[in-house]
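Chains as they are written, first to last, in this note's numbering: chain V, 1 to 192; chain U, 1001 to 1157. Using N, Cα and C, we set each Cβ at its ideal position, and we do this for glycine too. Only a predicted model underlies this, so the values are computations on that prediction, with no experimental measurement involved.
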């Protein structure tokens, strides 16, 4: 209810309502963008552009729609455009051996993190997070929307602009791939 | 497809909480009597649990503040532009009303009220029409120049 109220105020041009919404969604939106593009600097840029886009398009927002789904759709479109522009290959399936997690994006020298950074990141995200990063963007996004954002399948379908059946198919394939990757990388080990 | 195959194909979606009610019941009934499938379900449950417990990365405070400030500036600009457009429309409407109303007054002063019913074109009417058109054209050109200049300044900012 508070979200609807803030959104209604934002539609009337209330700057404080915008500030409240930024605070409310900052972590979730950034996490989603980071899962999409994988690079913190790029996710931060997209985070800022997304909120500017919200300010520009809030008049076109239909209050009957779910605001969260609308917000994540804006962010998704920006992230997809960005990936298409910067690393078109990252929109496809991983080009390397999925078990090693090598993708077109990770092969780019400019984006290759230092070994120490990789180790820290690995410690931070654990095996599941590390394996998830090796999946293609299509699977990463459906996993993060379902398990991290805890969106309903209908909401995910709205964000991705696909039918419900497609969401289920992607979810199943994403989980299958994630499990396959984990079994290949960490055979016989505890995944968690 | 055997019962086991059918059930196993449902396990990943079950861990994601994406099954229909009927499918869920079918699955639970099967798992009660099948240890192999129950173990498989447990593996999927662990994977789902790992996904749910992924740490939430947080944006840097400076990034959030910058995003907030930029979005607020843009929101202000959007609403300012809308307000300006509304005022401009109102002024244009008012100007047209004033112009149209001034014609009969003008004719009354120059040619008498009866001239209203006489649509003859004479030089005063043409002069007045030319004057009005010139003023409107000049006003429109000024508005376009100001708008282009303002947009350029905003882009530079």
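Quick test of your reading: residue 176 of chain V and residue 1012 of chain U, contact by CB under 8 Å. State the CB separation rounded to the nearest angstrom.
Here residue 176 of chain V corresponds to residue number 176 of the first chain, with the count starting at 1. Here residue 1012 of chain U corresponds to residue number 12 of the second chain, with the count starting at 1. Taking the Cβ atoms as the reference, residue 176 of chain V lies roughly 6 Å from residue 1012 of chain U, within the contact range of under 8 Å.
Mapping DSSP to helix, strand and coil, what is residue 1145 of chain U?
Counted from its first residue, the second chain places residue 1145 of chain U at position 145. Correct three-state label for residue 1145 of chain U: helix.
Along the chain, where does the alpha helix (DSSP H) that runs through residue 58 of chain V open and close?
To locate residue 58 of chain V, count along the first chain from 1; it is residue 58. Residue 58 of chain V: not part of any alpha helix (DSSP H); DSSP gives it neither H nor E.
Assuming residue 140 of chain V contacts residue 156 of chain V under a Cβ cut-off of 8 Å, what Cβ separation, rounded to an integer in Å, is found between them?
Numbered from its first residue, the first chain carries residue 140 of chain V at position 140. Numbered from its first residue, the first chain carries residue 156 of chain V at position 156. Contact flag wrong, Cβ pair sits at about 13 Å.
Span separating the alpha-carbon of residue 1029 of chain U from that of residue 1055 of chain U
Along the second chain, read from residue 1 onward, the residue named residue 1029 of chain U stands at position 29. Along the second chain, read from residue 1 onward, the residue named residue 1055 of chain U stands at position 55. Cα-Cα distance, rounded: 34 Å.
Just list the alpha helix (DSSP H) runs in the segment 43-79 of chain V, keeping only unbroken ones of 4 residues or longer that don't cross its boundaries, in chain order.
Counting only runs that start and end inside the segment 43-79 of chain V, there is no alpha helix (DSSP H) element of at least 4 residues.
N- and C-terminal bounds of the alpha helix (DSSP H) containing residue 1040 of chain U:
By one-based count along the second chain, residue 1040 of chain U stands at place 40. 1035-1052 is the span of the alpha helix (DSSP H), which, as asked, contains residue 1040 of chain U.
For residue 15 of chain V and residue 1070 of chain U, which I take to be in contact (beta-carbon distance under 8 Å), what is that distance rounded to the nearest angstrom?
Translated into positions along the first chain, residue 15 of chain V becomes position 15. Translated into positions along the second chain, residue 1070 of chain U becomes position 70. Rounded to whole angstroms, the Cβ separation of residue 15 of chain V and residue 1070 of chain U is 12 Å, and the two are not in contact under 8 Å.
Members of the segment 1066-1077 of chain U that neighbour chain V once the beta carbon cut-off is set at 9 Å:
Result list: 1066, 1067, 1068, 1070, 1071, 1072, 1073, 1074, 1075, 1076 and 1077.
What residue from V:10, V:25 and V:126 has the CA that sits closest to residue 1047 of chain U's CA?
Here residue 1047 of chain U corresponds to residue number 47 of the second chain, with the count starting at 1. The shortest C-alpha separation from residue 1047 of chain U is found at V:126.
If you measure between the beta carbons of residue 83 of chain V and residue 37 of chain V, is that distance less than 9 Å?
The residue given as residue 83 of chain V occupies position 83 in the first chain. The residue given as residue 37 of chain V occupies position 37 in the first chain. Their beta carbons are under 9 Å apart, which means residue 83 of chain V touches residue 37 of chain V by this criterion.
Spatial neighbours of residue 1005 of chain U within its chain, please: C-beta separation below 6 Å, excluding the five flanking residues on both sides.
For the purposes of this step, residue 1005 of chain U is identified with residue 5 of the second chain, where counting begins at 1. No residues qualify anywhere along the chain.
Give the DSSP-derived three-state secondary structure of residue 1108 of chain U in the structure shown.
On the second chain, residue 1108 of chain U is found 108 positions in, with the first residue counted as 1. Residue state for residue 1108 of chain U is assigned as helix, using DSSP reduced to three classes.
Buried or exposed for residue 1088 of chain U, going by 16 or more other Cβ atoms inside 10 Å?
Start at 1 with the first residue of the second chain, and residue 1088 of chain U comes out as number 88. The Cβ neighbour count for residue 1088 of chain U, taken over all protein chains shown within 10 Å, is under 16; the residue is labelled exposed.
CB contact check: residue 27 of chain V to chain U, cutoff 9 Å:
On the first chain, residue 27 of chain V is found 27 positions in, with the first residue counted as 1. Judged by the 9 Å Cβ criterion, residue 27 of chain V is in contact with chain U.
Listed by chain order, chain U residues near residue 54 of chain V by CB distance under 8 Å
One-based indexing of the first chain puts residue 54 of chain V at position 54. Under the 8 Å cutoff, chain U gives 1071.
Applying a beta-carbon distance threshold of less than 8 Å, which residues of chain U neighbour residue 44 of chain V?
For the purposes of this step, residue 44 of chain V is taken as residue 44 along the first chain, with counting starting at 1. Neighbours of residue 44 of chain V in chain U, taken as residues at a C-beta separation under 8 Å, are given in chain order as 1059, 1060 and 1063.
Are the segment 51-58 of chain V and the segment 148-165 of chain V touching by the rule of at least three beta carbon pairs closer than 8 Å?
The segment 51-58 of chain V is not in contact with the segment 148-165 of chain V.
Kindly indicate which residue of U:1032, U:1144 and U:1036 has the alpha-carbon position closest to the one of residue 1008 of chain U.
Here residue 1008 of chain U refers to the residue found at position 8 of the second chain. Here the closest residue by C-alpha is U:1036.
Chain U residues whose Cβ lies nearer than 8 Å to that of residue 15 of chain V:
In the first chain, residue 15 of chain V corresponds to position 15, counting from 1. Against chain U, the beta carbon of residue 15 of chain V has neighbours under 8 Å at 1072, 1075 and 1076, listed in chain order.
Do residue 1154 of chain U and residue 52 of chain V have their beta-carbon atoms positioned less than 9 Å apart in this structure?
The sequence position of residue 52 of chain V within the first chain is 52, counting from 1. The sequence position of residue 1154 of chain U within the second chain is 154, counting from 1. 9 Å or more divides the Cβ of residue 52 of chain V from the Cβ of residue 1154 of chain U.
Taking CB distances under 9 Å as the criterion, tell me whether residue 151 of chain V reaches chain U.
As a position in the first chain, residue 151 of chain V is number 151, starting the count at 1. Cβ-Cβ to chain U under 9 Å: no for residue 151 of chain V.
If we ignore side chains and look at the alpha-carbon of each, how far apart do residue 129 of chain V and residue 186 of chain V end up?
Against the first chain, residue 129 of chain V aligns to sequence position 129. Against the first chain, residue 186 of chain V aligns to sequence position 186. Their backbone Cα atoms lie some 13 Å apart in a straight line.
Between the beta-carbon of residue 34 of chain V and the beta-carbon of residue 78 of chain V, is there less than 9 Å?
As a first step, residue 34 of chain V is located in the first chain; it is residue number 34 there, counting from the start. As a first step, residue 78 of chain V is located in the first chain; it is residue number 78 there, counting from the start. Taking 9 Å as the Cβ cut-off, residue 34 of chain V and residue 78 of chain V do not qualify as a contacting pair.
Just checking my contact of residue 1051 of chain U with residue 164 of chain V at CB under 8 Å: how many whole Å lie between their CB atoms?
Along the second chain, one-based indexing puts residue 1051 of chain U at 51. Along the first chain, one-based indexing puts residue 164 of chain V at 164. Not confirmed; about 20 Å, so no contact.
Is there at least one Cβ from chain U nearer than 9 Å to residue 129 of chain V's Cβ?
The count along the first chain starts at 1 and reaches residue 129 of chain V at position 129. Answer yes: the Cβ-Cβ gap between residue 129 of chain V and chain U drops below 9 Å somewhere.
Using a Cβ cut-off of 8 Å, pull out every chain U residue sitting near residue 147 of chain V, in sequence order please.
Counted from its first residue, the first chain places residue 147 of chain V at position 147. Those are 1016, 1048, 1051, 1052 and 1054, listed as they occur along chain U.
Looking at the structure shown, is residue 134 of chain V part of a helix, part of a strand, or coil, going by DSSP?
Along the first chain, one-based indexing puts residue 134 of chain V at 134. For residue 134 of chain V, the secondary structure class from DSSP, reduced to helix, strand or coil, is coil.
Quick one: Cα of residue 67 of chain V to Cα of residue 1079 of chain U, how far?
Counted from its first residue, the first chain places residue 67 of chain V at position 67. Counted from its first residue, the second chain places residue 1079 of chain U at position 79. Spanning the two alpha carbons is a distance of roughly 20 Å.
Please list the residues of the segment 1077-1091 of chain U that have a C-beta atom closer than 7 Å to any C-beta atom in chain V, keeping them in chain order.
Shown in chain order are the members of the segment 1077-1091 of chain U whose Cβ falls below 7 Å from a Cβ of chain V: 1078 and 1079.
Can you tell me whether residue 1058 of chain U is buried or exposed? The criterion is at least 16 other CB atoms within 10 Å of its CB, across all chains shown.
For the purposes of this step, residue 1058 of chain U is taken as the residue at position 58 of the second chain. Residue burial annotation: residue 1058 of chain U is exposed, with fewer than 16 other C-beta atoms found within 10 angstroms of its C-beta.
Within 9 Å of any Cβ in chain U, is that where the Cβ of residue 6 of chain V sits?
The count along the first chain starts at 1 and reaches residue 6 of chain V at position 6. Using beta-carbon distances, residue 6 of chain V does not count as an interface residue toward chain U, since no partner is under 9 Å.
Where does the unbroken alpha helix (DSSP H) through residue 1012 of chain U begin, and where does it stop?
Within the second chain, numbered from 1, the residue matching residue 1012 of chain U stands at position 12. Taken as a continuous stretch (DSSP letters only), the alpha helix (DSSP H) holding residue 1012 of chain U covers 1003-1015.
Output the boundary residues of the alpha helix (DSSP H) element that contains residue 159 of chain V.
Taking the first residue of the first chain as 1, we reach residue 159 of chain V at position 159. For residue 159 of chain V, the enclosing alpha helix (DSSP H) starts and ends at 153-160.
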